[in-house]
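Written out below as structure tokens is the structure these notes cover.
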Amino acid sequence: MEKVLISACLLGQNVRYDGNNLGLDSLSFQRLSELVEFVAICPEVSGGLSTPRTPAEIVQGAGIDVIEQRAQVITQTGANVTDAFVVGAQNALALCKQNNIRAAVLTDASPSCGSSKIYNGEFAGEKIAGHGVTTALLRENGITVFSQFELENAIEFVNR
Ligand code: SF4
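Heads up: the sequence shown begins at 161 in the numbering used here, then just goes up one per residue.
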């Protein structure tokens, strides 16, 4: 059975910054669950951050800018957590390589897992087009990243 990386919070694990999860239970999710074996990771926890934790945003850039050291990830209280985010992304990529994973379903709008939107770095609740640090590193390494809103696309991908 094909393995697919998934954000741990989408599997119901309480790893979000606020200690909650975004567990999926839609029909599309059930169909995908029958087709693949999920390999779960929370990149931020894997990178050494605690739960709950102070929210963080990418400042003046997107995930690829963090990977290429042009932007940083800063918490709402001003702490620089860039290194933890990069370690988490590297751990996610290592997990993909160990498991021959070619696709991931990650939580959109997260500074780690976002694949189409992220917050704008000003803690104003405003989203902009962009992607998180883990998504950037996975895409740079040829892994296809879907958001939790693209489960039908993920099903089509694994059925190809
Ligand atoms: S880093 Fe990813 S897996 Fe972890 S809580 Fe945020 S969105 Fe979920």
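A virtual CB, placed ideally from N, CA and C, is assigned to each residue, including glycine.
Predicted model, so just to flag it, every value in this text is computed and none were measured.
{"Asked": "Please go through the segment 221-277 and give each complete beta strand (DSSP E) segment of 3 or more residues, from N-terminal end onward.", "Found": "232-235 and 263-266"}
{"Asked": "What is the chain-ordered set of residues for which the beta carbon lies under 6 Å from any non-hydrogen atom of the ligand SF4?", "Found": "167, 168, 169, 175, 176, 202, 203, 204, 267, 270, 272 and 273"}
{"Asked": "Can you give me the Cβ contacts of residue 166 inside the same chain, cut-off strictly under 6 Å, excluding the 5 residues immediately before and after it?", "Found": "198, 200 and 265"}
{"Asked": "Tell me the residue span of the beta strand (DSSP E) that contains residue 167.", "Found": "163-167"}
{"Asked": "Are the beta-carbon atoms belonging to residue 206 and residue 251 less than 8 Å from one another?", "Found": "yes"}
{"Asked": "From residue 283 to residue 184, what distance separates their C-alpha atoms?", "Found": "26 Å"}
{"Asked": "Under 8 Å between the Cβ atoms of residue 226 and residue 246?", "Found": "yes"}
{"Asked": "With residue 189 as the anchor, note down where its alpha helix (DSSP H) starts and where it stops.", "Found": "187-195"}
{"Asked": "What are the start and end residues of the beta strand (DSSP E) that includes residue 289?", "Found": "287-289"}
{"Asked": "Report, in whole angstroms, the separation of the C-beta atoms of residue 270 and residue 285, which I expect to be a contact under 8 Å.", "Found": "Not quite, the Cβ-Cβ distance comes to about 14 Å (not below 8 Å), so this is no contact."}
{"Asked": "Just to confirm, are residue 262 and residue 304 a CB contact at a threshold of 8 Å?", "Found": "yes"}
{"Asked": "If distances are taken between C-alpha atoms only, which option among 229, 223 and 216 comes closest to residue 236?", "Found": "216"}
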